[in-house]
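This report concerns only the one structure given below.
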Amino acid sequence: MSEKELTPEEKLPVNENTTTEEVVVEEKAAEQEVVVAEQAVEQEVVVAEKAVEQEVLVEEEKVILNASTLDFDWDSSSKDVDDYSVNERDEFAKIYGDTLSTISEKEVIDGTVIMITDKEVVINIGYKSEGIVSLNEFRYNPDLKVTDVVEVYIENQEDRTGQLILSHKKARTLRSWERVNASLDSDEIIKGFIKCRTKGGMIVDVFGIEAFLPGSQIDVKPIRDYDAFVGKTMEFKVVKINHEFKNVVVSHKALIEAELEEQKAKIIEQLEKGQVLEGTVKNITSYGVFIDLGGVDGLIHITDLSWGRVNHPEEVVELDQKLNIVILDFDESKKRIALGLKQLQPHPWDSLEAELKIGDKVKGKVVVMADYGAFIEIKPGVEGLIHVSEMSWSQHLRSAQEFLKVGDEVDAQILTLDRDERKMSLGIKQLKPDPWENIETKYVVEAKHTAIVRNFTNFGVFVELEEGVDGLIHISDLSWTKKIKHPAEFTQIGENIEVVVLEIDKDNRRLSLGHKQLEENPWDVFETLFSIDSVHEGTIINISDRDAIVSLPYGVEGLCTIKHLIKEDGTSAKEDEKLSFVVIDFSKEAKKIIVSHLRTYKEKVKKKSGGSAKLDIEKTTLGDISSLSELKSKLEESEKKDN
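Per my numbering, the sequence shown starts with residue 2, numbered consecutively.
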């Protein structure tokens with residue numbers, strides 16, 4: 002028998018020790034496992050079939066339901082449920098609808114608090130559903146309780162979940178703006194809470210809006226401690242609203258100004274010029290002091306505080322100080338009152354010594370400086386002017402600041418004294434000897450001195466020999482040889498210069514001085530050196546339309562016309578060109594030498610070096626050649642010094 006034909010029993014392994022009963026048991030267990038497996042397979046098939054059938058039934062029910070819903074008459078179906086007719090049911094629906102509030106979005110209405118939780122407040126506004134507002138919006142009102150009526154802003158009647166959306170903060174803001182505008186229109190007095198201090202004033206909570214209270218609008222009196230008002234509740238008036246920027250300005254001062262105006266009018270009616278009153282220092286400025294006269298203010302100008310000089314009112318008075326003052330003037334229409342303090346004291350000029358006279362020496366302190374002079378305080382309220390011309394014997398103009406400064410103690414002499422006009426002029430230089438008293442002995446004619454250059458003019462140089470002694474060097478007296486167009490070409494301001502006294506005018510306080518007179522006049526020698534027809538080397542230093550300047554030996558300059566600059570090749574000479582020139586004219590008085598280059602080759606003039614061939618040494622002013630050399634050295638040295 003093959004293996005395929007064996008029965009299950011035959012396939013079991015046979016053990017020699019296995020009994021017949023054990024074989025039977027094993028056979029039954031195998032049969033039981035086969036049965037269980039077959040039942041599990043059958044059960045899974047049944048479940049799957051039922052699931053498919055259930056899905057089919059559901060789909061069929063949906064189709065049937067959709068088809069039946071379209072044609073279903075709900076009104077007729079309700080006839081079997083209640084006994085109301087269609088009209089009755091419509092009437093009842095209308096009655097129920099009337100119990101609900103008709104609301105619109107973006108409006109403010111009142112609602113009643115019906116519940117408060119840890120985070121939210123439930124509010125009934127009479128609508129079909131209640132609204133919920135965050136508890137944070139009621140932080141300003143810690144006493145909020147159920148049944149309180151609050152204002153809310155309807156943002157949305159229903160959100161996606163059907164919830165009514167309300168805002169108490171927005172409602173409060175909108176209502177606040179309405180109340181603030183109404184307060185401005187009606188000039189109503191409102192209350193506000195001062196929250197904090199800010200630059201220039203305070204921040205005030207008015208109806209939940211932050212308004213600005215300027216410092217000048219807190220009180221009619223200047224405020225020194227703003228922090229003292231923080232945390233207070235005060236009455237205010239709305240004085241300005243900026244709708245564009247949502248700014249509100251309030252004032253506490255406006256509440257009392259009307260009352261003060263009436264009080265001022267009564268006080269001013271009783272005022273008289275010359276009346277003495279007691280007042281309190283209210284404010285101090287750089288120009289004066291404001292005094293509170295009991296509801297009305299007056300001003301003491303700085304010049305009316307003291308007979309003496311006052312740099313700042315704080316030197317005389319202090320805040321809250323009580324003073325006796327006198328009324329100088331007042332204007333009822335403008336409510337201005339001018340007061341005086343110094344007028345209650347005698348004028349210092351009235352107590353000035355009777356024996357004080359012109360010529361007396363006084364001592365004082367510099368209190369004010371100006372370019373034209375200095376004011377000297379002899380005693381408080383008594384001043385004299387020292388003009389700058391009375392500070393020094395010097396004739397050239399200077400500023401008073403070069404001599405004095407504020408605070409200096411000075412001795413002066415009284416020059417003028419007018420007790421009626423209360424004016425006095427003083428002088429300092431009068432206490433020093435006048436240098437012109439002995440000018441003729443100190444500065445004799447032809448004496449040599451050293452001076453300081455002080456100023457230039459087109460015609461000369463002003464120099465100072467000593468303080469108070471000035472002199473003039475005319476431009477023609479600066480150099481024997483050099484042609485000077487302006488003194489600035491020769492010297493500079495502040496430099497020392499050697500001079501010779503030429504002339505003294507004591508009456509007019511004038512000295513004529515010279516500089517070139519320190520040396521011999523070289524033109525006496527030049528007359529022999531630069532004789533007519535003598536030839537010299539020269540350099541063209543400047544050419545104009547008509548003539549040219551030629552630099553000749555010994556620092557002398559000659560003049561050559563344009564037509565005499567033509568060279569032998571027919572071209573015209575240029576600047577800085579060195580050529581031979583012949584002297585065609587010489588003027589000792591005019592200090593002028595006319596030369597020509599043209600004649601050097603046209604007339605075949607014999608070149609001469611150092612002078613004319615006809616020069617007679619015996620006729621020279623020097624006397625000998627050694628003197629000529631000495632003069633030449635001096636001239637060259639002078640030329641180098643000038644350059």
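The C-beta atom is built at its ideal place from N, Cα and C for all residues, glycine as well.
With distances taken Cα to Cα, identify the nearest neighbour of V239 among I210, V363 and D586. Of the listed residues, the one whose Cα sits closest to V239 is I210.
At least 3 beta-carbon pairs within less than 8 Å: the region 490-509 vs the region 542-549: As far as the Cβ criterion goes, the region 490-509 does not touch the region 542-549, which means the pair count is below three.
Who are the Cβ neighbours of K449 in its own chain at under 6 Å, not counting the five residues just before and after it? Residues of the same chain with a CB within less than 6 Å of the CB of K449, apart from the 5 flanking positions on each side, are V501 in chain order.
Burial state of T482 (16 or more Cβ within 10 Å): Answer is buried; the Cβ neighbour count reaches 16.
Thinking C-alpha only, which one of I494, V311, G515 and E354 is nearest L479? Put simply, of I494, V311, G515 and E354 the residue whose alpha carbon is nearest the alpha carbon of L479 is G515.
Can you give me the C-alpha to C-alpha distance between G611 and G559, rounded to a whole angstrom? Note that G611 has pLDDT 44, beneath the 50 cutoff, so the model's placement of it is unreliable and the number below is only indicative. In a straight line, the C-alpha of G611 is about 16 Å away from that of G559.
Run of the alpha helix (DSSP H) containing Y154, from where it starts to where it stops: For Y154, there is no enclosing alpha helix (DSSP H); the enclosing beta strand (DSSP E) has its first and last residue at V150 to N157.
With DSSP as the reference, label T451 as helix, strand or coil. Strand, per DSSP.
Could you give the residue range of the alpha helix (DSSP H) that holds I494? Careful: I494 lies outside any alpha helix (DSSP H) and carries neither H nor E.
Between the alpha carbons of E179 and K171, how many angstroms are there, rounded? When rounded, the distance between both Cα atoms is 12 Å.
So, for H253: in the same chain, excluding its five sequence neighbours on each side, which residues have a beta-carbon less than 6 Å away from its beta-carbon? I219, M235 and F237.
Per DSSP, Q414 forms a beta bridge with which residues? Q414 pairs with K362 and G428.
Among E152, L329 and L320, which one has its Cα closest to the Cα of I301? Ranking the options by Cα distance to I301, first place goes to L329.
With DSSP collapsed to three states, give me the class of S513. In the structure shown, S513 adopts extended strand secondary structure according to DSSP, grouped into three states.
In or out: A371 buried (at least 16 other Cβ within 10 Å) or exposed? The residue in question, A371, is exposed, as its Cβ has fewer than 16 Cβ neighbours within 10 Å.
Tell me which residues share the same chain as V221 and place their Cβ nearer than 8 Å to its Cβ, disregarding the 5 neighbours each side in the sequence. Exclusion of the five residues before and after V221 leaves K254, I257, E258 and L261 as the residues of its chain whose Cβ lies within less than 8 Å of its Cβ.
State the Cα-Cα distance for the pair I618 and I550, rounded to the nearest angstrom. For I618, the predicted structure reports a pLDDT of 31, less than 50, and the residue's modelled location is therefore unreliable. A value from the coordinates is still provided. Distance between the alpha carbons of I618 and I550: 29 Å.
Length of the line joining the Cα atoms of V454 and M392: Cα to Cα, the separation comes out at about 21 Å.
Output the boundary residues of the beta strand (DSSP E) element that contains E538. Counting along the chain, E538 sits inside the beta strand (DSSP E) bounded by residues V536 to I544.
For P215, write down the residues that DSSP places opposite it in a beta bridge. DSSP output for P215 lists G202 as bridge partner(s).
N-terminal and C-terminal residue of the beta strand (DSSP E) that F291 is part of: Judged by DSSP secondary structure, F291 falls within the beta strand (DSSP E) whose first and last residues are G289 to D293.
So for G556, helix, strand or coil by DSSP? Secondary structure of G556 (DSSP, three-state): helix.
Tell me whether I268 sits in a helix, a strand or coil according to DSSP, three-state version. Helix.
Kindly list the residues whose CB is nearer than 8 Å to the CB of L473, restricted to its own chain and excluding five residues on each side of it in sequence; keep chain order. Answer for L473: G461, V462, F463, V464, R511, L512, S513 and L514, listed in chain order.
In the DSSP assignment, find the unbroken alpha helix (DSSP H) run with V181 in it and report its ends. Annotation for V181: the continuous alpha helix (DSSP H) segment containing it runs H169 to S187.
Does the contact criterion of 3 or more C-beta pairs under 8 Å hold for the region 315-325 versus the region 358-373? No, the region 315-325 is not in contact with the region 358-373.
Under the DSSP definition of a beta bridge, which residues are partnered with F194? For F194, which the question treats as bridged, DSSP gives the partners D206 and T234.
Own chain residues within Cβ distance below 8 Å of F457, not counting five before or after: Excluding five sequence positions before and after F457, the CB atoms of its chain that fall closer than 8 Å to its own CB belong to F463, H487, P488, A489 and I494, given in chain order.
Following the continuous alpha helix (DSSP H) through I124, name the residue where it begins and the one where it ends. Looking at the DSSP string, I124 is not in any alpha helix (DSSP H); the run it does join, the beta strand (DSSP E), is E121 to N125.
Top-ranked residue by Cα proximity to D409, from S400, W437 and A375: Taking only the C-alpha atoms, the option nearest D409 is A375.
Of the residues P223, I567 and I303, the one placed nearest G202, counting alpha carbons only: Of the listed residues, the one whose Cα sits closest to G202 is P223.
Exposed or buried, which one is Y288 when buried takes at least 16 other CB atoms within 10 Å? Around the C-beta of Y288, fewer than 16 other C-beta atoms lie within 10 Å, and the residue is accordingly described as exposed.
T572 (DSSP reduced to helix, strand or coil): Residue state, collapsed to three classes: coil.
State the start and end residues of the unbroken beta strand (DSSP E) segment that holds D330. Per DSSP, the unbroken beta strand (DSSP E) holding D330 starts and ends at K323 to D332.
Which residue wins for smallest C-alpha separation from E121, given the options N459, K283 and E138? The candidate whose alpha carbon is nearest that of E121 is E138.
Of the residues A183, G280 and I498, which one's Cα is nearest the Cα of A452? With respect to the C-alpha of A452, the residue from A183, G280 and I498 having the closest C-alpha is I498.
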